[in-house]
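From first to last, the protein sequence lines are chains A and B.
First residue of the first sequence: 11, per this note's numbering; consecutive thereafter.
First residue of the second sequence: 37, per this note's numbering; consecutive thereafter.
A short write-up of the structure that comes next.
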Amino acid sequence: MQIDRPLLERLGAYPHLVVTWVDDDGYPMSVATTFSLDWTDGAETAIRLSSPSPAIPTDREVSVVGSHIRPQPGIGYDERRYLCVWGRATASGDGTVTLRAERAWGWDEAEMPFFEYSERAVPQSRRYLERLSLEQRREVKPRLALPWLILRTTRLPFLTATLVPVLLGLAIAARHAPFDWIAAILVIVGGSLAHLAINITNDIFDTLSGADAANVNPTQFSGGSRVLHYGLLSLRELSAWAALLYTGAIVIGLALLAIRPSWELLAIGVTGVLIGVAYTAPPLKLVYRGLGEIAVAAGFGPIMLLGAYSAETGRLAWEPLVASLPVAILITLILYVNEIPDRRGDAAAGKRTLVVRLSPAVVERLYLGAALLAFALVVVGVVAGITPWPTLVALLALPLVFQVYRGIEQHYDSPYTLMAYMGTNVKLHLYTGLLLFGGYLAALALTLIH
Amino acid sequence: MGWLPSPVEELLNVALVGELTVVRQDGRAITHPLIPLYDGEHVLMHSSTLFSRKLEHIKANARVAVSLSDEVAMKGNLDRATIQGTARVIEEDPHRQWEKLILELWRRKEPAIDQFLKARVALPLFFERAVIEVTPERCFYWAGGNTARTPAVSEAPGRAAA
Chain A
11 MQIDRPLLER
21 LGAYPHLVVT
31 WVDDDGYPMS
41 VATTFSLDWT
51 DGAETAIRLS
61 SPSPAIPTDR
71 EVSVVGSHIR
81 PQPGIGYDER
91 RYLCVWGRAT
101 ASGDGTVTLR
111 AERAWGWDEA
121 EMPFFEYSER
131 AVPQSRRYLE
141 RLSLEQRREV
151 KPRLALPWLI
161 LRTTRLPFLT
171 ATLVPVLLGL
181 AIAARHAPFD
191 WIAAILVIVG
201 GSLAHLAINI
211 TNDIFDTLSG
221 ADAANVNPTQ
231 FSGGSRVLHY
241 GLLSLRELSA
251 WAALLYTGAI
261 VIGLALLAIR
271 PSWELLAIGV
281 TGVLIGVAYT
291 APPLKLVYRG
301 LGEIAVAAGF
311 GPIMLLGAYS
321 AETGRLAWEP
331 LVASLPVAIL
341 ITLILYVNEI
351 PDRRGDAAAG
361 KRTLVVRLSP
371 AVVERLYLGA
381 ALLAFALVVV
391 GVVAGITPWP
401 TLVALLALPL
411 VFQVYRGIEQ
421 HYDSPYTLMA
431 YMGTNVKLHL
441 YTGLLLFGGY
451 LAALALTLIH
Chain B
37 MGWLPSPVEE
47 LLNVALVGEL
57 TVVRQDGRAI
67 THPLIPLYDG
77 EHVLMHSSTL
87 FSRKLEHIKA
97 NARVAVSLSD
107 EVAMKGNLDR
117 ATIQGTARVI
127 EEDPHRQWEK
137 LILELWRRKE
147 PAIDQFLKAR
157 VALPLFFERA
167 VIEVTPERCF
177 YWAGGNTART
187 PAVSEAPGRA
197 AA
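Shown next, in the form of structure tokens:
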């Protein structure tokens, strides 16, 4: 920290300071005292301290610390901040002691949120645990209970990105062909395993590229799982998790092909996994080239939806493609909004995402335009006679668009405040997808009745 | 058994924040605001591995001081105290050991800790922690908090005899 008048003026917010030095016995000694910032002599690095007992020594370095919390009964405290200033003390004629500040260090959670403060300290934790492992001659590493580790590593809650298009594809297929429950279950499980495997693969390459280390504002929706960055799993362990999930997805894919031989299904499955892996993996690294949004739209839109449809029917059709477009746009908008808090880390790691490349005003307008386009496509599908009219029920989710838009507009630079709107944006995709699914089930029921 | 004057024990039992001062390898003192806990004999503080430089300083030089100075953090108690002592870092298992040693004491002062612990998945490294066990050796006590006055100084029985 630079020693200057504004920095020292912050000390004025503290009611007292704790003065500290190393005493003649080699122990630290600390004592609270009152103080003033009197710069009438022109020296703007001076802190005038009332003389406490024991007396502040003038033959060695001393430091002063201002510390503040606001107790919250029954909860704990907030408004944490402290400032530590080091320097040399000299006795003044009036019985006070003047400290000339030379160095300073501190933290104020109003300026740097606790989550960011913690994230910036991850390298220190890694170094400490490495040294501890050497001292104890065994590996000491951070841990999580297995269910939490699975949740975090696979980013399980994001499975809705797969379930929405797969369920929609199955619902559309149910109107076009006899429904095969076994194929439906296989496509749900296989698609989910492939999605989780791809999540892990992307995390591996994001950590190796330095993107995770550069991102000091991860949220529950952005910044990846960070299990590798935190040392919760090793690269070898994480790779084994991915291999296991890929193996499961491949076995299920082969089982699906066995009961529903289809070149289209094979092509869709292989394309989906390739796009997923190439999202962050070299040589393509689609997200680093500004193609991440298109890759996600394709993967969690047409590919998933047409894959589920063809697993049931053995063929492709226009209706599932049209139905996939709103879902594709909304899933891309999840990625897009999640890129807002990640943008500095992404830029540092060379990720050319849309949010990195565009100004905040354009990012905000593009969000609104794309989200409205998604709902317009729902209407267009019905008007064109491609999708059934009950799918218009999806328009009920439209108000969420404006909630998210306003959230982005107002909290673009506040990652932790923005988090609530990132959650709403996830709901926007989920609710719209489920309403479309409900619309298709209603259309199916109407078909059966007639 | 503890020997600290009872008013100082009262401060330790209510304080939400105290200042732990450790000595760095270069001989400089550095102070960290931390929540102090008291088991009747030792002052117990704790640190996440995220903010573990203080632990490394203590392992290199065990001499520390804990000051209790903020009436807001001590629920209006104006008294002040500084405890000098020797610290030991307990870190064999940063994942679980601290829970056994201090969680109950921590919970009494900061009940919200249970809510944070439930969300351990969100902040896994924050809950990888070491315990700093301070054995008091000398205590300075300012009744009423006026540190311009000479403090009452007391020492650990063995130290006083020496």
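Quick reminder that beta carbons are idealized off the backbone N, C-alpha and C, glycines included.
Fair warning: this is a prediction, and the values are worked out from it, not measured in the lab.
8 Å is my cut-off, CB to CB: does residue i come that close to chain B?
i, result
"Thr43/A", "yes"
"Ala131/A", "yes"
"Thr164/A", "no"
"Ser40/A", "yes"
"Leu154/A", "yes"
"Ser60/A", "yes"
"Tyr426/A", "no"
"Val75/A", "yes"
"Thr30/A", "yes"
"Glu121/A", "no"
"Ser334/A", "no"
"Glu329/A", "no"
"Val150/A", "yes"
"Leu161/A", "yes"
Along the chain, where does the beta strand (DSSP E) that runs through residue i open and close?
i, result
"Phe231/A", "First-last for Phe231/A: undefined, no H or E at that position."
"His68/B", "Ala65 to Leu70"
"Trp399/A", "Per DSSP, Trp399/A belongs to no beta strand (DSSP E) and is neither H nor E."
"Glu71/A", "Glu71 to Gln82"
"Glu107/B", "No beta strand (DSSP E) holds Glu107/B; DSSP gives it neither H nor E."
"Tyr177/B", "Arg165 to Trp178"
"Thr57/B", "Gly54 to Val59"
Thinking residue i and residue j are a contact (beta carbons under 8 Å), I'd like their distance in whole angstroms, please.
i, j, result
"Arg4/A", "Asp118/A", "This structure cannot settle anything about residue 4/A, because the visible part of chain A is limited to 11 through 460."
"Gly180/B", "Leu114/B", "6 Å"
"Leu86/B", "Ala131/A", "4 Å"
"Gln82/A", "Ala158/B", "Actually they are not in contact, since the Cβ atoms of Gln82/A and Ala158/B sit about 20 Å apart, beyond 8 Å."
"Leu248/A", "Leu238/A", "6 Å"
"Thr118/B", "Ser103/B", "4 Å"
"Ala101/B", "Tyr37/A", "6 Å"
"Leu382/A", "Val347/A", "About 15 Å separates the two Cβ atoms, so there is no contact after all."
"Glu419/A", "Glu374/A", "5 Å"
"Leu137/B", "Ile126/B", "7 Å"
Between residue i and chain E, is there a C-beta pair that is closer than 8 Å?
i, result
"Leu52/B", "Here the protein chains are A and B, and chain E is not one of them."
Nearest chain A C-beta to residue i closer than 8 Å, yes or no?
i, result
"Thr171/B", "no"
"Gln120/B", "yes"
"Pro43/B", "no"
"Ala184/B", "yes"
"Leu80/B", "no"
"Ala109/B", "yes"
"Ser190/B", "no"
"Asp115/B", "no"
"Arg165/B", "no"
"Ile66/B", "yes"
Do you know offhand how far residue i's Cα is from residue j's?
i, j, result
"Gly38/B", "Glu77/B", "4 Å"
"Glu126/A", "Trp96/A", "25 Å"
"Thr442/A", "Ile285/A", "24 Å"
"Arg299/A", "Ser83/B", "41 Å"
"Ala223/A", "Asn212/A", "14 Å"
"Ala333/A", "Leu451/A", "14 Å"
"Arg185/A", "Leu454/A", "6 Å"
"Val167/B", "Glu55/B", "15 Å"
"Leu203/A", "Val29/A", "59 Å"
"Pro41/B", "Val189/B", "10 Å"
"Ala252/A", "Ile210/A", "6 Å"
"Thr401/A", "Val388/A", "7 Å"
Between which two residues does the alpha helix (DSSP H) containing residue i stretch?
i, result
"Ser42/B", "Ser42 to Val50"
"Thr434/A", "Pro425 to Ile459"
"Met314/A", "Met314 to Thr323"
"Arg416/A", "Leu408 to His421"
"Ala23/A", "Run containing Ala23/A: none; DSSP gives neither H nor E here."
"Ala117/B", "Segment Arg116 to Ile126 is the beta strand (DSSP E) holding Ala117/B; no alpha helix (DSSP H) there."
"Val366/A", "Leu364 to Arg367"
"Glu140/A", "Val132 to Gln146"
For residue i, count neighbouring C-beta atoms within 10 Å of its own C-beta (all shown protein chains included) and say buried if the count is 16 or more, exposed if not.
i, result
"Met314/A", "buried"
"Asp34/A", "exposed"
"Ser244/A", "exposed"
"Leu156/A", "exposed"
"Ala407/A", "buried"
"Ile269/A", "exposed"
"Lys361/A", "buried"
"Val393/A", "exposed"
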